[in-house]
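Residue numbers (the working numbering), protein chains in the order written: chain A, 38 to 290; chain B, 106 to 360.
Note that beta-carbon positions come from the ideal geometry of N, C-alpha and C, so glycine has one too.
The next block holds one structure in the form of structure tokens; read it before the comments.
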Ligand SMILES: Nc1ncnc2c1ncn2[C@@H]1O[C@H](COP(=O)(O)OP(=O)(O)OP(=O)(O)O)[C@@H](O)[C@H]1O
Ligand SMILES: [Mg+2]
């Protein structure tokens, strides 16, 4: 279980997180929504220990990583994989090497099994035959999918997705959503996704949380979330029209 | 009061930065001692820092040797001591110009590229990505560069010395019709092992200094394109200044 308690973070002079309390259930897909610049990416970085809170606790399966460093933090990180908003592919390596990297370096796998797993993942994200290309030769959407393949290939306990479908065409976005859901059901990992794909995410997420003014304004199962009475949140999620939450008939404004 | 406060703050900032640089290099070396050993990365960096710098180093060395011989020839002739031209060229190069100029060239060519490479990795979150994979960036990225630079710079300096002395020979003996035997024998009698050791000691410390400063600046690049430019400039300027200051210090100790 991932649990954040009173997490506060000021970056530069700007308070970004102002007391985030959030419990993310194990083995489920939880999506975090919120306005641009609200601090969603910063929140994800706190969960994986790339940023440390000024105040508050970040619990990962019973370990508070808020003040953890070095080897102890690395041990916790072995449970994770993360897709960065900007994909963060290694420029100096081909797409194939990028996806193979965590298998070789983190899981210490070699040879045939690496090739098989990498090619399988590349095919699933629609990058079959692109393995030999360098990140600089790919489009933004292709880089994103290569990053996704790199996160999925490890099959870890927890995967963080920072806007996995931003910059993709609608068909590809749907395919990626379906892939994440299918993988999640197959491997039962805990998925935490940041996304602007409203209303689609209500159809695929188990839980939705909204970050507003540096706090979690609402966190509920998808089908309950859409019944919120908070005017600001309703405006945010219904701006595009109808919403079809997981396991419920159509709701609309 | 205001002024004193500012000086105080500046001193604290400087001390803090120096402390952080110290921690940076010490932990990088500490990580090097732990498996997995990144031999392939070291070889790759040796190629980049060392092999790919040979051309500029050779070019600089040839012209340095040539101009030294030219200047030496006219100066020494006034005293009728053209015979010691070889030793004048060789000692200047082995003791001072070889280590300093080779190090400056490596800073300009490889050091700036190192800062830019690491800086881009920082800005585009590639370093964070390494972290999330539980791979220590100091071990994977920085350690190999430190080691490679420690090995490559002394080798480049040795190359500089040899080529520079030959450059002096071409001008002093071939072009200006100096005495070939005198050129080589004056080198043989004047250059002592102490000079060679001193030069090598300098070049080893310069090798460490370059990769240390350039890696540190890249690693702490601020998140913007401007930040990257600033980091690269600062890295090159700071390395160059430190090379010259450290050179003076070492010379005064060694002499
Ligand atoms: N490394 C950093 N240093 C300083 N400020 C930062 C840093 N990272 C983020 N910020 C600031 O924190 C705020 C939140 O940024 P964040 O990237 O988390 O937003 P976001 O919710 O992910 O937005 P988007 O939906 O556009 O990706 C922004 O105002 C940003 O300027
Ligand atoms: Mg973001």
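The distance from the Cβ of residue 323 (chain B) to that of residue 255 (chain B) is about 18 Å, inconsistent with a contact at the 8 Å cut-off. Looking from the CA of residue 259 (chain A), the closest CA among A:54, A:159, A:70 and A:162 belongs to A:70.
Under the 9 Å criterion on CB atoms, residue 234 (chain B) is classed as interfacial with respect to chain A. For residue 55 (chain A), the secondary structure class from DSSP, reduced to helix, strand or coil, is strand. In the structure shown, the three-state DSSP call for residue 247 (chain A) is strand. Three or more Cβ pairs closer than 8 Å define a contact, and the region 157-166 of chain A meets that threshold against the region 202-222 of chain A. In terms of Cβ geometry, residue 249 (chain B) and residue 143 (chain B) form a close pair [threshold 9 Å]. CA-CA distance, residue 189 (chain B) to residue 170 (chain B), rounds to 15 Å. Annotated three-state conformation of residue 42 (chain A) is strand, per DSSP.
For residue 255 (chain A), the enclosing beta strand (DSSP E) has its first and last residue at 252-258. For residue 324 (chain B), DSSP assigns no beta-bridge partner whatsoever.
The DSSP assignment places 195-199, 227-231 and 244-249 as complete runs of the beta strand (DSSP E) inside the region 171-257 of chain A, in order along the chain (cut-off: 3 residues). It is roughly 10 Å from the alpha-carbon of residue 205 (chain A) to the alpha-carbon of residue 180 (chain A).
The region 139-153 of chain A makes no contact with the region 94-109 of chain A, as fewer than three CB pairs between them are under 8 Å.
In the DSSP assignment, residue 118 (chain A) falls within the unbroken beta strand (DSSP E) covering 117-120.
Secondary structure note for residue 66 (chain A): its beta strand (DSSP E) is the uninterrupted segment 66-70.
Here residue 145 (chain A) is exposed, its C-beta having fewer than 16 other C-beta atoms within 10 Å. In the structure shown, the three-state DSSP call for residue 87 (chain A) is coil. A straight line joining the alpha-carbon of residue 187 (chain A) with that of residue 63 (chain A) spans about 22 Å.
Closest by C-alpha distance to residue 80 (chain A), out of A:108, A:112 and A:119, is A:119. Against chain A, a Cβ distance below 7 Å from residue 230 (chain B) picks out 121, 123 and 125. Listed in chain order, the positions of the region 239-253 of chain B with a beta carbon within less than 9 Å of a beta carbon of chain A are 239, 240, 241 and 245. In the DSSP assignment, residue 94 (chain A) falls within the beta strand (DSSP E) that extends over 92-97. Check the Cα spacing between residue 310 (chain B) and each of B:172, B:281, B:286 and B:344: the tightest is with B:344. Sorted by chain position, residues whose beta-carbon lies closer than 7 Å to a non-hydrogen atom of ligand 2 are A:77, A:78, A:122, A:199, A:200 and A:231. Closest in alpha carbon position to residue 289 (chain B), among B:129, B:122, B:139 and B:191, is B:191. The residue among A:168, A:113 and A:122 with its C-alpha nearest the C-alpha of residue 137 (chain A) is A:168. DSSP places residue 284 (chain B) in the coil class of the three-state scheme, outside both helix and strand. In the DSSP assignment, residue 272 (chain B) falls within the alpha helix (DSSP H) that extends over 248-274.
In this structure, the beta-carbon distance from residue 242 (chain B) to residue 251 (chain B) does not fall below 9 Å. For the pair residue 53 (chain A) and residue 199 (chain B), the Cα-to-Cα distance works out to about 57 Å.
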